[in-house]
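Sequence positions in the sequence shown follow the numbering used here and run 3 to 345.
Virtual Cβ for every residue (Gly too), placed ideally from N, Cα, C.
It should be emphasised that the depicted structure is a prediction, and the values quoted were computed from it without experimental measurement.
Here the structure is laid out as structure tokens; the discussion comes afterwards.
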Amino acid sequence: MSINDGLSEFSADVSDGLPSSWDWQQPVIIGVSGGADSMALLCSLAELSRREESPSVAVAHVEYDLRPEASRDREFVVQHAEQLGFSCYWEKVRIQEASKVQQGGGTEAVARQLRYDFFSRLAFEIGARHVAVGHTRDDQAETILHRLLRGTGLGGVAGMAGSRELCKGVSLVRPLLKIRRQKPREFLEAIGQEWREDKSNNQMCFARNFLRHHVLAEAEAGPYPAAIESLVRFGEQASVEMSSRLKTIDVMIEKSIEQKPDGEILIHQKRVGDDLHIMPEALIEIWKRKGWPRQELSSKHLKQLTEMIFCGSLESSTVPNAVDLPGGIHARLTSKGLSLQVK
Numbered sequence: 003m004s005i006n007d008g009l010s011e012f013s014a015d016v017s018d019g020l021p022s023s024w025d026w027q028q029p030v031i032i033g034v035s036g037g038a039d040s041m042a043l044l045c046s047l048a049e050l051s052r053r054e055e056s057p058s059v060a061v062a063h064v065e066y067d068l069r070p071e072a073s074r075d076r077e078f079v080v081q082h083a084e085q086l087g088f089s090c091y092w093e094k095v096r097i098q099e100a101s102k103v104q105q106g107g108g109t110e111a112v113a114r115q116l117r118y119d120f121f122s123r124l125a126f127e128i129g130a131r132h133v134a135v136g137h138t139r140d141d142q143a144e145t146i147l148h149r150l151l152r153g154t155g156l157g158g159v160a161g162m163a164g165s166r167e168l169c170k171g172v173s174l175v176r177p178l179l180k181i182r183r184q185k186p187r188e189f190l191e192a193i194g195q196e197w198r199e200d201k202s203n204n205q206m207c208f209a210r211n212f213l214r215h216h217v218l219a220e221a222e223a224g225p226y227p228a229a230i231e232s233l234v235r236f237g238e239q240a241s242v243e244m245s246s247r248l249k250t251i252d253v254m255i256e257k258s259i260e261q262k263p264d265g266e267i268l269i270h271q272k273r274v275g276d277d278l279h280i281m282p283e284a285l286i287e288i289w290k291r292k293g294w295p296r297q298e299l300s301s302k303h304l305k306q307l308t309e310m311i312f313c314g315s316l317e318s319s320t321v322p323n324a325v326d327l328p329g330g331i332h333a334r335l336t337s338k339g340l341s342l343q344v345k
């Protein structure tokens, strides 16, 4: 007998998407916006939690001040969480104010960072080790294409991980990552569950929306019916290659990076060796470890920093001695190498 016997087909697929570290006997958090994907995740995990007799499931919601209907989205999520017997925690954030503080990030990037900050704080508060969010296979394809067009390295086109560290001791989990976008909607319709529609998802001023509604939708409907699957497979291949490269990157970082007490990072020019081709990925790894915002960090920025490390000097007239980067990061050449620090 399958361990998923008795579950709906969708919930069984969600169960298959949970990492081996997922523990129903520990508190877990479900990030819910009220949209179809997160509501389907909520309903399926509710079904699984009843089977597992989970002692503590919490719903987390962030209310952004960008849309008049945001408060109704929050009320919708709170109501359905309570109906399921789950605690619901929510936070209202002011995107415009936060954008002024977090220099260099677009609205989507700032909103994402604030959302994950809230999830991290809540996880520590209730002792949760896992936070589940509703990214689908279509979201994965959009992410890969968005990063590719914006300019990124191998790690960028590897896409989103099914599970990654959100903060110390807490994992961000994406159980729907192998599920196509239409499946959550079909599941909700089958069980008679409503969801909220975010009108901003149709606004073409957001890059992801443009890719979703124009580029990918038209590609799938036209000459490239396998566009989503092809992009995801490309990302999976990049992920495998990136895993092997990370070992080399770890060695480079270990021998060439000096962490100062004030948070400054110094990359020693004489210690980096001659691995010019992996430096952009090493820089991305440094950004990850420092928790610096990476959404606006383009391949152009990475190329510029790489040139400063390998070709720059305080006397150079062709390579800049200093540059300001997205997220308020300042890079400057010193007599020893490249200094990176939050302004």
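Proximity of residue i and residue j at Cβ, strictly below 8 Å
i      : j      : result
PHE259 : ILE251 : First, the residue type needs correcting, since residue 259 is Ile and not Phe in the sequence shown. Taking 8 Å as the Cβ cut-off, ILE259 and ILE251 do not qualify as a contacting pair.
VAL59  : ILE97  : no
GLU283 : LEU168 : no
ALA229 : PRO177 : no
ILE146 : GLY237 : yes
ALA163 : LEU233 : no
PRO21  : VAL175 : yes
PRO295 : GLN115 : yes
LEU190 : GLY19  : no
Proximity to residue i [Cα-Cα], best of the options
i      : options                        : result
PHE121 : VAL30, ARG152, LEU178          : VAL30
GLU309 : VAL112, LEU340, GLU243         : LEU340
ALA111 : GLY329, LYS338, GLU84, VAL344  : GLY329
ASP200 : SER35, GLY136, VAL64, GLU256   : SER35
LYS129 : PHE208, GLU99, GLU196, TRP26   : It is worth fixing the name first, because residue 129 is Gly in this sequence and not Lys. Comparing Cα positions, the closest option is TRP26.
SER46  : LEU86, SER22, SER73, PHE78     : LEU86
GLU127 : GLY108, VAL172, LEU151         : VAL172
MET41  : PRO21, TYR118, LEU327, VAL80   : VAL80
ARG273 : ALA62, LYS249, PHE312, LYS292  : PHE312
VAL344 : LYS185, LYS338, ILE331, TRP294 : ILE331
SER23  : SER202, LEU335, ARG166, ALA240 : ARG166
ASP140 : THR109, ARG152, ARG182         : ARG182
ALA125 : LYS290, ALA62, ARG74           : ALA62
TRP289 : SER319, LEU327, GLY153         : LEU327
GLY275 : GLU287, LYS262, LYS292, MET254 : MET254
Contacting residues, own chain, Cβ-Cβ under 7 Å from residue i (five flanking each side not counted)
i      : result
VAL325 : GLN306, ALA333
SER13  : SER46, GLU49, LEU50
ALA113 : TYR66, ILE97
GLY153 : SER300, SER301, LYS302
Residue i versus residue j - alpha carbon distance
i      : j      : result
ILE267 : LYS257 : 13 Å
GLY264 : LEU299 : For clarity, residue 264 is Asp in the given sequence; the question names Gly instead. Those two C-alpha atoms are separated by around 23 Å.
LEU285 : LEU304 : 7 Å
SER4   : ALA221 : Since pLDDT at SER4 reaches only 45, below the 50 mark, its modelled position is unreliable, and the value read off the structure follows with that caveat. Taking the straight line from one Cα to the other gives about 38 Å.
GLN297 : ILE193 : 37 Å
SER17  : ARG235 : 22 Å
TYR91  : MET206 : 31 Å
ALA83  : ALA48  : 10 Å
LYS338 : HIS137 : 43 Å
GLY218 : THR336 : Reading off the sequence shown, one finds Leu at residue 218, where the question assumed Gly. LEU218 and THR336: Cα-Cα distance of roughly 45 Å.
VAL64  : GLY314 : 44 Å
LYS94  : LEU150 : 32 Å
GLN302 : ARG291 : Checking the sequence shown, residue 302 turns out to be Lys, not Gln. So the alpha carbons of these two residues sit roughly 21 Å apart.
HIS148 : ARG210 : 7 Å
HIS279 : ARG76  : 46 Å
ARG214 : GLY108 : 18 Å
GLN261 : LYS170 : 19 Å
ARG247 : GLU196 : 45 Å
Terminal residues of the alpha helix (DSSP H) in which residue i lies
i      : result
LYS94  : Note, LYS94: premise wrong, no alpha helix (DSSP H); beta strand (DSSP E) at 89-95.
ILE331 : Looking at the DSSP string, ILE331 is not in any alpha helix (DSSP H); the run it does join, the beta strand (DSSP E), is 331-335.
ASP347 : Absent from the model: residue 347. The displayed extent of the chain is 3 to 345, so no value can be given.
ILE311 : 301-313
ARG235 : 229-258
ASP15  : 11-18
SER341 : First-last for SER341: 339-344, but that is the beta strand (DSSP E), not the alpha helix (DSSP H).
GLU2   : Any answer about residue 2 is impossible in this case: the structure gives the chain only from 3 up to 345.
First through last residue of the beta strand (DSSP E) which encompasses residue i
i      : result
GLU2   : Nothing about residue 2 can be reported from this structure: the residues present for the chain run from 3 to 345 only.
HIS63  : 59-66
VAL325 : 324-327
Neighbourhood of residue i by C-beta, 6 Å cutoff - its chain only, sequence neighbours within 5 removed
i      : result
GLY161 : GLN142, THR145, ILE146, GLY237
ALA72  : GLU65, TYR66
ARG187 : ALA38
GLN28  : ARG131
LEU68  : ILE97
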